[in-house]
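Chemist:
Numbering (the numbering used here), first residue to last: 3 to 481.
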């Protein structure tokens with residue numbers, strides 16, 4: 003077939019995974035050296051603690067790179083197991099959770115099995131000379147799910163230590179580094195007290211460039227000179243407070259994988275739509291067209307839509323919580339101990355928001371604090387909320403939020419026809435902010451009316467005084 007008659011091969015689907023972890027059947031576009039170092043450390047030390055900041059990519063590294071390397075080296079890693087399942091009527095909730103991930107929830111007598119027995123029952127059976135690697139991901143959940151179940155935590159680590167004691171089982175344990183201190187009291191149960199550790203950070207600029215270029219290159223799409231670098235430079239900006247007041251966005255040495263994937267997925271969609279069938283290159287114009295804040299706004303709104311669909315929690319409640327509790331009037335990140343909604347549902351909402359990399363959860367001195375995951379999300383959240391309100395709420399409700407955003411200034415209260423069209427403050431179903439806004443608006447309107455009456459009376463009195471003076475003058479003249 004000649005070049006003139008060869009079919010045009012278009013790039014396949016969007017090669018950027020977006021805001022989720024890389025899976026076992028996907029190729030990690032970077033961090034091959036880090037993956038090799040982790041795999042070698044597991045082989046050499048047998049029990050390894052992999053720690054990293056939230057959102058640095060531990061799960062992706064394990065699933066898409068480390069596990070593959072361990073298999074190539076003759077080891078049999080388990081699928082990453084977590085300890086996040088609900089408590090059971092009997093047995094240890096954390097051990098049972100691992101069993102659900104490794105054996106399946108329908109396994110007879112699962113709640114009574116020890117961790118060692120769970121690993122022994124895994125399929126397929128090990129061949130002679132092979133060694134299994136137990137992979138436990140997000141181990142911080144043992145510490146965070148229930149702060150009151152100390153005996154259950156201790157029993158879990160006892161069983162983990164017992165399973166590792168005979169030297170035939172290897173283990174890779176992944177944990178958020180801000181929870182590492184909580185592991186100290188349980189180290190005595192584990193072989194070597196977890197002395198073998200590996201820290202994974204956010205992406206450096208070289209790793210970020212590889213994450214930008216490689217997926218596109220595999221689709222035979224290239225970046226023009228400077229385009230990928232420009233995108234990484236924008237993603238690496240961090241907000242820094244100045245000692246004398248004010249703030250600047252400065253170049254950071256790191257990029258967060260979550261933000262990179264969200265923005266690159268948007269970039270691919272924009273560039274491919276612009277180029278059509280000739281899509282073979284991503285240029286500076288494509289990069290310049292991608293609004294990072296808007297891409298994050300779209301992601302935030304999509305995450306809240308999914309949250310509303312899955313948990314039945316009103317988007318409005320969650321959006322209000324983000325804006326009221328997590329962002330200051332000066333557009334800085336704030337921390338709160340309050341959940342968007344109370345009770346168990348609130349805990350599920352917070353877990354979902356953390357899993358979506360929208361918030362970070364931090365426990366200090368027995369108190370749990372919540373904050374935005376990144377400064378980049380501040381404008382994204384505010385812009386998305388404003389757009390959602392204009393599209394969803396009545397004008398007077400939008401005005402209530404503008405009043406709050408502007409420090410409740412009198413100038414932003416309702417007046418005239420807008421106030422007459424708004425409901426009464428006693429109407430059912432109003433949010434606290436709306437009720438306060440309507441009360442203040444009507445009070446201010448009443449004061450304005452009173453001031454108007456007073457002014458009119460004063461004018462009448464002044465007019466009467468003028469008339470009296472004029473009449474007095476006329477009387478004098480006539481007499």
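The beta carbon of each residue, even a glycine, is placed where N, CA and C say it ideally should be.
Over the uninterrupted alpha helix (DSSP H) stretch that includes residue 482, give me the two end residues.
Modeler: No statement about residue 482 is possible, as the shown extent of the chain runs from 3 to 481 and does not include it.
Chemist: Short of 6 Å in beta carbon distance, which residues of its chain neighbour residue 260, apart from the five on each side in sequence? Order them along the chain.
Modeler: Excluding residues within five positions, the ones whose Cβ falls inside 6 Å are 21, 57, 359.
Chemist: In terms of residues, what are the limits of the beta strand (DSSP E) holding residue 344?
Modeler: Neither: residue 344 is in no beta strand (DSSP E) and is coded neither H nor E.
Chemist: Got a sec? Which residues, its chain only, sit under 7 Å from residue 291 by beta carbon, not counting five neighbours each side?
Modeler: Result list for residue 291: 272, in chain order.
Chemist: Can we count residue 349 as close to the ligand GTP, meaning its CB is less than 7 Å from some heavy atom?
Modeler: This structure simply doesn't include the ligand GTP, nor any ligand for that matter.
Chemist: What's the call for residue 85, buried or exposed, on a 16-neighbour Cβ count within 10 Å?
Modeler: So residue 85 counts as buried.
Chemist: Would you list the one or two residues that DSSP bridges to residue 283?
Modeler: 224.
Chemist: Please check the pair residue 373 and residue 361, which I expect to be a contact at CB under 8 Å, by giving their CB distance rounded to whole angstroms.
Modeler: Contact flag correct, Cβ pair sits at about 6 Å.
Chemist: Pick from 282, 141, 338, 441: whose alpha carbon is nearest that of residue 532?
Modeler: For residue 532 there is no data in the structure shown, the boundaries of the chain being 3 and 481.
Chemist: Would you kindly work out how many angstroms separate the C-alpha atoms of residue 317 and residue 166, rounded to a whole number?
Modeler: For residue 317 and residue 166, the distance between alpha carbons rounds to 46 Å.
Chemist: Candidates 270, 293, 77: which alpha carbon is nearest residue 283's?
Modeler: The candidate whose alpha carbon is nearest that of residue 283 is 270.
Chemist: Helix, strand or coil: how does DSSP classify residue 299 here?
Modeler: Three-state result, residue 299: helix.
Chemist: Closest by CA to residue 255, which one among 206, 223, 296, 49?
Modeler: Of the candidates 206, 223, 296, 49, the one whose C-alpha sits nearest the C-alpha of residue 255 is 206.
Chemist: Could you name the residues of the same chain whose beta carbon sits closer than 7 Å to that of residue 343, not counting the 5 residues immediately before and after it, in chain order?
Modeler: Here the set comprises 315, 319, 351.
Chemist: Where does the unbroken beta strand (DSSP E) through residue 372 begin, and where does it stop?
Modeler: Looking at the DSSP string, the run of the beta strand (DSSP E) that includes residue 372 is 369-374.
Chemist: Using the Cβ count rule (16 or more neighbours within 10 Å means buried), how would you classify residue 7?
Modeler: Bear in mind that the predicted position of residue 7 carries a pLDDT of just 42, short of 50, making it unreliable; the figure below should be weighed with that in mind. Exposed, by the Cβ-count rule.
Chemist: Which partner residues does residue 206 have in the DSSP bridge list?
Modeler: DSSP, once it has assigned bridges, lists 256 as partnering residue 206.
Chemist: Rounded to a whole number of angstroms, what is the C-alpha to C-alpha distance between residue 176 and residue 305?
Modeler: Distance between the alpha carbons of residue 176 and residue 305: 25 Å.
Chemist: If I follow the unbroken beta strand (DSSP E) through residue 200, where does it start and stop?
Modeler: Start and end: 199-201.
Chemist: What three-state label does DSSP hand residue 35 in the structure shown?
Modeler: In this structure, residue 35 counts as helix in the three-state DSSP scheme.
Chemist: Quick one: using the 10 Å Cβ neighbour count with 16 as the cut-off for buried, is residue 209 buried or exposed?
Modeler: Residue 209 is buried by the Cβ-count criterion.
Chemist: Kindly indicate which residue of 430, 462, 423 has the alpha-carbon position closest to the one of residue 443.
Modeler: Answer by Cα proximity: 423.
Chemist: Going straight from the alpha carbon of residue 183 to that of residue 189, what length do you get?
Modeler: Rounded to the nearest angstrom, the two C-alpha atoms are 10 Å apart.
Chemist: Counting along the chain, where does the beta strand (DSSP E) carrying residue 77 start and finish?
Modeler: It spans 77-79 - the beta strand (DSSP E) in which residue 77 sits, taken as one unbroken run.
Chemist: Give the straight-line distance between the Cα atoms of residue 408 and residue 415, rounded to the nearest whole angstrom.
Modeler: Between residue 408 and residue 415, the C-alpha separation is close to 11 Å.
Chemist: State whether the segment 21-40 contacts the segment 210-217, with contact taken as three or more CB pairs (one from each stretch) at a distance under 8 Å.
Modeler: Flag = yes, the segment 21-40 and the segment 210-217 touch.
Chemist: When you compare each of 348, 324, 157 to residue 381 by their alpha carbons, which one comes out closest?
Modeler: Residue 381 has its Cα closest to that of 324, out of 348, 324, 157.
Chemist: Throw me the rounded Cβ distance for the residue 132 and residue 76 pair, which I believe falls under 8 Å.
Modeler: Rounded, the Cβ-Cβ distance is 6 Å, consistent with contact.
Chemist: Find out if the Cβ-Cβ distance for the pair residue 252, residue 242 is shorter than 8 Å.
Modeler: Yes; because the gap between Cβ atoms is below 8 Å, this pair is in contact.
Chemist: Between the Cα of residue 364 and the Cα atoms of 103, 180, 118, 64, which residue gives the shortest distance?
Modeler: Selected option, being the one with the closest Cα: 180.
Chemist: How far does the alpha helix (DSSP H) with residue 97 in it reach, from first residue to last?
Modeler: First-last of the alpha helix (DSSP H) with residue 97: 95-105.
Chemist: Among 244, 329, 388, which has the Cα closest to the Cα of residue 375?
Modeler: Cα-wise, what sits closest to residue 375 is 329.
Chemist: Give the secondary structure of residue 19 by DSSP, where H, G and I count as helix, E and B as strand, and everything else as coil.
Modeler: The answer is coil: DSSP assigns residue 19 none of H, G, I, E or B.
Chemist: Pick helix, strand or coil for residue 274, following the three-state DSSP scheme.
Modeler: Reduced to three states, the DSSP call for residue 274 is helix.
Chemist: Give the single residue among 118, 250, 160, 301 whose Cα lies nearest to the Cα of residue 187.
Modeler: The shortest C-alpha separation from residue 187 is found at 160.
Chemist: Return the CA-CA distance between residue 267 and residue 128, expressed in angstroms with no decimal places.
Modeler: Cα to Cα, the separation comes out at about 40 Å.
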